[in-house]
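I have placed the structure first, in the form of structure tokens, so that the comments after it can refer back to it.
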């Protein structure tokens, strides 16, 4: 269950990272409210997941999901570059997230 909570926290990190761009320097009230709400909920859920998951694993997975998700959204919505080197690096981050998940299963 804590892994599900952690994944949701990571997805909310994507919401607030993209939301930061949409706030245009916190000048737009709607996107600002969504961004701040997603930040708070993301951190809250991360804290819940850390009750049983190792801090290093939980934090790395949370930031990894946020990183990969935010880059993908940037490519799809903001036409950011999707060249091979960038995609390979995203794959490496994703491999690290998966590796940490499997490592936690083997240690359980």
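Residue numbers (the working numbering): 37 to 144. C-beta atoms are modelled at their ideal positions from N, C-alpha and C, and glycine is treated no differently. Nothing here was measured: the structure is a model prediction, and the numbers come from that model.
Pick out whichever of the options has its Cα sitting closest to the Cα of residue i.
i           : options          : result
residue 114 : 57, 44, 37, 49   : 57
residue 151 : 62, 97, 91       : Because the chain spans 37 through 144 in this model, residue 151 falls outside it and cannot be assessed.
residue 130 : 99, 73, 142      : 99
residue 85  : 132, 61, 46, 62  : 46
residue 44  : 83, 66, 65       : 83
residue 38  : 68, 132, 90, 134 : 90
residue 51  : 65, 76, 61       : 76
Here's the rule I'm using: 16 or more other beta-carbon atoms within 10 Å means buried, otherwise exposed. How should residue i be labelled?
i           : result
residue 41  : buried
residue 105 : buried
residue 55  : buried
residue 142 : exposed
residue 63  : exposed
residue 81  : buried
residue 69  : exposed
residue 133 : buried
Using beta-carbon positions only, say whether residue i and residue j come within less than 9 Å of one another.
i           : j           : result
residue 93  : residue 126 : no
residue 118 : residue 111 : yes
Three-state secondary structure (DSSP) at residue i?
i           : result
residue 110 : helix
residue 116 : coil
residue 89  : coil
residue 64  : coil
residue 75  : helix
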